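Here the structure is laid out as structure tokens; the discussion comes afterwards.
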């Protein structure tokens, strides 16, 4: 009995440690995300929403269960809280999103240039299409910049 109890306790502690580690590494600051994207030459994926938003939680679920694959080699993910005034100011000063329904999602180039955006609930397919749109815009911008 003691062995089972200790095994269960160990499992719970291990799971708690894992989830806390993942939360600790989560980026919530838009400016820090922009700096990291620029340094690592990656696209920036910003989810601007709130904890009490069902649509926002659905998107977080897609990312967490890997239905929506935001490759760490291609993207810096920022989970920005729209209820924080400094976060809200940073988001609105850098990005333009049409619509009123959370989450607001922006994909930006490493230099912070907005490539694609959407608002509201979306399916995995719709978010994949957004990523493709951003990648296409990024390639187009890169080829335009390299032409004399």
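Residue numbers (mature numbering (1 follows the signal peptide of the UniProt record, and there is no 0)): -21 to -1, 1 to 127. For glycine and all other residues, C-beta sits at the position ideal for the given N, C-alpha and C. The model shown is predicted, which means the values in this text are computed figures rather than measured ones.
When C-alpha distances from residue 26 are compared across 19, 47, 56, 109, the shortest belongs to 56. Distance check between residue 98 and each of 8, 34, 30 places 34 closest, using alpha-carbon atoms only. Check the Cα spacing between residue 89 and each of 18, 42, 41: the tightest is with 18.
DSSP places residue 84 in the strand class (E or B) of the three-state scheme. DSSP places residue 27 in the uninterrupted beta strand (DSSP E) bounded by 22 to 28. Linking residue 119 to residue 10 through their CA atoms gives a straight-line distance of about 25 angstroms. By the 16-neighbour rule on beta-carbons within 10 angstroms, residue 21 is buried.
In the three-state scheme derived from DSSP, where H, G and I count as helix and E and B as strand, residue 76 is classed as coil.
Closest option to residue 42, judged by alpha-carbon separation, among 32, 92, 24, 75: 24.
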